[in-house]
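Trainee: Sharing a structure, written as structure tokens. Questions coming.
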Ligand code: TRP
Ligand code: ZN
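Residue numbers (the UniProt record's numbering): 1 to 885.
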């Protein structure tokens with residue numbers, strides 16, 4: 001399983017097919033952390049048991065960024081001839097069958113900018129061990145199928161580090177000489193090393209309790225900087241709601257006496273599910289109406305849920321190897337999506353999730369970094385925490401749920417835990433539990449785990465007397481290493497709308513009508529379904545709730561789409577067909593551009609339909625906001641053979657302007673009404689209606705911006721804002737505008753929020769998204785802003801990732817300045833934090849979708865990264881793949 005070093009020092013690829021079970025098991029792990037300001041001494045005492053009699057040597061991972069002080073076997077200090085140390089391993093020669101190995105290492109957490117292993121954030125010690133960080137703490141078989149019971153003792157200065165935490169339940173605490181103190185922790189559940197965590201710091205705490213359904217009391221603590229505690233209440237409520245939800249929906253209870261959460265400002269990802277001690281990016285814990293948007297509040301709830309749900313899906317049952325990452329991540333994303341749907345609105349949540357899948361996963365599947373949900377080879381596992389493993393992985397679980405039904409799914413989950421509690425297992429084990437609980441054969445279905453690429457479904461209709469024959473054809477384009485694809489097994493939910501707008505349920509040859517539509521099962525490359533007696537003028541509503549992660553092509557006319565837009569009662573389908581209609585219309589405009597000038601205008605019927613939606617007062621305002629939010633520039637680009645960034649930007653803006661022109665009064669009227677309703681409320685509220693009103697009025701700002709009263713309304717919106725949702729919506733529109741008030745408002749925002757890191761991130765973000773002609777220059781200059789930082793991942797992403805990922809117009813600047821800028825930053829960040837640097841590579845790799853001129857510039861920038869001195873394996877792997885043709 002180990003990534004050995006070849007002679008060039010570049011990590012080698014490792015393969016799923018080479019998996020072998022561990023030669024030695026660790027049974028108990030005792031760790032002593034002796035923490036000083038800049039260094040830490042770790043003493044690890046581990047009992048090992050030989051599993052494979054053919055292996056006489058014990059090989060442990062570890063080495064980089066730490067110093068080996070001593071190795072002791074069963075009480076005897078080993079001489080240097082008894083072991084071999086390489087850059088990445090420690091091999092202890094000829095060990096007995098059962099033994100205790102004690103190893104001392106010295107670490108330098110204050111110098112650790114990689115934020116992996118033991119590091120410091122905001123003056124506090126914390127750890128990040130997933131995926132392979134534990135090996136930077138001590139020498140250990142750092143692989144998820146080695147599960148052990150951990151006991152931890154932490155010693156540190158009491159005044160500077162009053163809070164000492166680790167996994168499991170608290171044990172003894174006490175004072176030590178010289179102003180130091182200690183705390184002990186014991187975690188009774190065997191766990192892999194990636195779930196280990198330790199924290200030492202000066203932190204405030206928000207505490208609460210939860211009583212589980214069987215009556216056990218659990219202490220809940222959220223640790224954060226004292227000043228941030230007032231922003232932790234939403235996270236605490238979300239935690240309690242998660243605990244309740246998992247009991248109600250899956251019968252799963254929490255299993256320790258305490259649940260601790262730490263919020264840190266420097267974190268590579270969103271959060272980490274360490275057993276009993278989650279570590280969170282502050283972005284997913286802290287929220288107040290003044291500093292967080294409604295979307296931020298939702299994200300906090302979702303991520304709190306996600307990490308909590310990992311306690312069963314990930315921790316109690318974990319992954320055999322990292323190829324199985326989606327076993328825990330896909331399933332846990334599915335669980336957090338369901339949680340958020342149940343707490344909020346199912347339709348809106350589904351729209352958000354599908355938007356994200358299309359924005360983040362589809363491009364991944366279509367580009368050089370495409371990989372399957374269960375990859376079968378990698379160089380650096382950190383590069384596989386992707387939208388494919390997480391979000392497509394969740395879609396795979398969702399399809400299983402749909403194919404076997406909610407009841408069998410719940411039974412399958414129970415079977416999975418009965419069989420595998422305390423084990424490290426594979427995606428096949430999960431699928432087997434679902435197959436056995438339902439009796440449905442999932443052999444073909446499992447292709448979703450091994451086959452990369454987004455399938456395209458093409459739906460056509462044919463009339464046969466009173467019946468309609470509906471044919472679904474599927475195909476999937478080649479992806480790197482997979483030239484040919486087999487047909488997938490997938491659920492396809494659909495409905496019919498009759499000529500008078502009424503829902504129909506015509507009998508179907510081999511589909512089954514369910515509550516939300518007719519479920520067709522597709523497993524061949526071409527399948528035909530007969531719907532009986534379908535009246536003329538009926539229109540099919542296809543792929544309801546997006547039951548499979550596919551591209552959908554169909555033969556619906558513009559008139560039929562408009563018909564569905566006003567008559568489909570399924571909100572998701574209504575949204576999706578509206579997006580389809582808008583996408584096709586904007587792309588028609590894009591095609592008409594000659595020398596930067598549109599030769600076409602927006603279709604009158606489309607404009608009228610847009611007006612009808614805007615004026616619809618019967619629907620949920622949040623839903624109207626979704627309907628009128630145009631496909632993004634990136635989304636539009638995905639539907640072109642060759643992306644034309646400037647034309648897409650122009651055509652999309654033209655569309656907004658024409659809507660604003662044609663429906664000026666309705667837009668302003670609707671906006672005013674929303675604001676009045678909000679102003680009449682006594683106070684800020686996170687209820688569904690208030691969120692909807694904010695969402696709609698803030699979305700309308702984008703249209704109002706293009707009218708003659710745009711500047712007045714937007715600036716007033718900004719000045720009157722009493723919460724971050726409104727303030728940031730106005731700031732984003734203004735930052736991208738030519739308004740007189742622009743610079744003053746940007747400065748105002750900055751001064752109001754100086755020192756609030758998560759809000760200053762938004763200030764960078766608003767500018768990173770600006771489409772103004774001078775935006776790129778401004779973005780490049782912001783790198784030198786005193787508040788910009790290469791070492792803080794949130795700040796980095798707010799400027800650089802947002803620019804490269806969401807500002808298509810300027811990232812693809814025709815002179816290549818956007819590409820150069822990104823390449824230079826990648827090389828710089830790589831020296832500080834390779835994981836974060838690697839996440840910036842993907843946008844440069846998608847050169848195939850651009851014109852030859854830009855392709856060349858993009859490849860030149862990729863080459864420049866590859867040719868820079870000492871690039872990491874993380875960045876190296878992705879750049880090499882991006883350049884491969
Ligand atoms: N397991 C974490 C989650 O999905 C992901 C994660 C947190 C992570 N920090 C990481 C993955 C660092 C790789 C590296 O909840
Ligand atoms: Zn996760």
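Don't be surprised by glycine CBs; every beta carbon is placed ideally from N, CA and C.
Everything numeric in this text was worked out from a predicted model, so none of it was measured.
#1: Should the stretch 297-307 be regarded as contacting the stretch 354-367, the criterion being three or more beta carbon pairs within less than 8 Å?
#2: Any idea what DSSP makes of residue 232, helix, strand or coil?
#3: Quick test of your reading: residue 543 and residue 492, contact by CB under 8 Å. State the CB separation rounded to the nearest angstrom.
#4: Going by C-alpha to C-alpha distance, which of 670, 690 and 669 sits closest to residue 679?
#5: Find out if the Cβ-Cβ distance for the pair residue 389, residue 305 is shorter than 8 Å.
#6: Which residues in the same chain have their Cβ closer than 8 Å to the Cβ of residue 268, if we skip the five residues on either side of it in sequence?
#7: Which residues mark the beginning and the end of the alpha helix (DSSP H) in which residue 755 is found?
#8: I'd like to know whether the C-beta atoms of residue 90 and residue 60 end up nearer to each other than 8 Å.
#9: Looking at the strands, I want to know which residues DSSP matches up with residue 170.
#10: With DSSP collapsed to three states, give me the class of residue 433.
#11: Closer than 7 Å by C-beta to residue 702: which residues in its own chain qualify, once you throw out the five before and the five after it? Chain order, please.
#12: Quick one: does the C-beta of residue 791 sit closer than 7 Å to a heavy atom of the ligand ZN?
#13: Determine, using beta-carbon pairs with one atom in the stretch 252-259 and one in the stretch 213-225, whether at least three such pairs fall under 8 Å.
#14: Classify residue 128 as helix, strand or coil using the three-state DSSP reduction.
#15: Could you name the residues of the same chain whose beta carbon sits closer than 7 Å to that of residue 334, not counting the 5 residues immediately before and after it, in chain order?
#16: Starting from residue 407, trace the alpha helix (DSSP H) both ways and give me its first and last residue.
#17: Return the first residue and the last residue of the alpha helix (DSSP H) that residue 875 is part of.
#18: Taking the alpha-carbon positions, what's the residue 54 to residue 95 distance?
#19: For my contact list, residue 928 and residue 809 are in at a C-beta cut-off of 8 Å; report their separation, rounded to the angstrom.
#20: Once the 5 residues before and after residue 741 are set aside, which same chain residues still bring their CB inside 6 Å of it?
#21: Shorter than 7 Å, the distance from the beta carbon of residue 236 to the closest heavy atom of the ligand TRP, or not?
#22: Just tell me which of 779, 207, 72 and 252 has its CA closest to the CA of residue 421.
#23: Using CA coordinates, which residue listed in 27, 728 and 414 is at the minimum distance from residue 934?
#24: What are the start and end residues of each continuous beta strand (DSSP E) run of 3 or more residues lying completely inside the stretch 672-706, in chain order?
#25: Alpha carbon to alpha carbon, how far is residue 477 from residue 882?
#26: Alpha carbon to alpha carbon, how far is residue 797 from residue 513? Give it in angstroms, no decimals.
#27: Would you mind stating whether residue 33 and residue 42 have Cβ atoms separated by less than 8 Å?
#28: In angstroms, rounded to a whole number, what distance separates the CA positions of residue 677 and residue 708?
#29: By DSSP, does residue 617 sit in helix, in strand, or in coil?
#30: Which one of 83, 158, 312 and 498 has the shortest CA to CA distance from residue 423?
#31: Bridge partners for residue 48 per DSSP, in chain order?
#32: Considering only DSSP beta bridges, list what residue 85 is partnered with.
#33: Roughly how many angstroms lie between the CA atoms of residue 813 and residue 864, to the nearest whole one?
#34: Pick out every residue whose C-beta is nearer than 5 Å to a heavy atom of the ligand TRP: which are they, in chain order?
#35: When burial is assigned at 16 or more other CB atoms within 10 Å of the CB, is residue 76 buried or exposed?
#36: Taking only the alpha-carbon atoms, compute the straight-line gap between residue 105 and residue 332 and give it to the nearest angstrom.
Mentor: Walking through what the data contain:
#1: They do not touch, by the three-pair rule.
#2: Of the three classes helix, strand and coil, the one that applies to residue 232 here is coil, per DSSP.
#3: Distance from residue 543 to residue 492 at the Cβ level is roughly 6 Å; contact confirmed, criterion being Cβ atoms closer than 8 Å.
#4: Residue 679 has its Cα closest to that of 690, out of 670, 690 and 669.
#5: No; because the gap between Cβ atoms is not below 8 Å, this pair is not in contact.
#6: Shown here for residue 268: same chain residues with a beta carbon closer than 8 Å to its own, the five before and five after excluded, namely 115, 116, 128, 793, 833, 835 and 836 in chain order.
#7: Counting along the chain, residue 755 falls outside any alpha helix (DSSP H), and DSSP gives it neither H nor E.
#8: If you check the CB distance, residue 90 and residue 60 come in under 8 Å.
#9: The partner list for residue 170 (beta bridge, DSSP) reads 185.
#10: In the three-state reduction of the DSSP assignment, residue 433 falls in the helix class, which pools H, G and I.
#11: Within the same chain, Cβ atoms closer than 7 Å to the Cβ of residue 702 are found at 656 and 733, the five residues on either side in sequence being excluded.
#12: It does not: the Cβ of residue 791 is nowhere closer than 7 Å to a heavy atom of the ligand ZN.
#13: Flag = yes, the stretch 252-259 and the stretch 213-225 touch.
#14: When DSSP states are grouped into helix, strand and coil, residue 128 belongs to the strand group.
#15: The residues are 394, 397 and 398.
#16: Run containing residue 407: 406-420, per the alpha helix (DSSP H) assignment.
#17: Per DSSP, the unbroken alpha helix (DSSP H) holding residue 875 starts and ends at 873-883.
#18: So the alpha carbons of these two residues sit roughly 12 Å apart.
#19: No answer is possible for residue 928: the residues shown for the chain start at 1 and end at 885.
#20: Taking residue 741 as the centre and dropping the five residues before and after it, the same chain places the C-beta of 715 closer than 6 Å to its C-beta, in chain order.
#21: No - the ligand TRP has no heavy atom lying nearer than 7 Å to the Cβ of residue 236.
#22: Considering only alpha carbons, the answer is 252.
#23: Residue 934 lies beyond the stretch modelled for the chain, which goes from 1 to 885, so this question has no answer here.
#24: Runs found: none.
#25: When only Cα atoms are considered, residue 477 and residue 882 end up about 18 Å apart.
#26: Just so you know, the alpha carbons of residue 513 and residue 797 end up roughly 45 Å apart.
#27: A contact, by the Cβ cut-off of 8 Å.
#28: The C-alpha of residue 708 is placed about 24 Å away from the C-alpha of residue 677.
#29: Coil.
#30: When only C-alpha atoms are compared, the closest one is 312.
#31: In the DSSP output, where bridge partners are listed per residue, residue 48 has 26 and 99.
#32: Per the DSSP secondary-structure output, residue 85 pairs in a beta bridge with 90.
#33: Their Cα atoms are separated by approximately 18 Å.
#34: For the ligand TRP, residues qualifying as neighbours are 130, 268, 269, 272 and 385, where qualification means a beta carbon closer than 5 Å to at least one of its heavy atoms (chain order).
#35: Of the other Cβ atoms in all chains shown, fewer than 16 fall within 10 Å of the Cβ of residue 76; this residue is therefore exposed.
#36: Straight-line measurement puts the Cα of residue 332 at about 35 Å from the Cα of residue 105.
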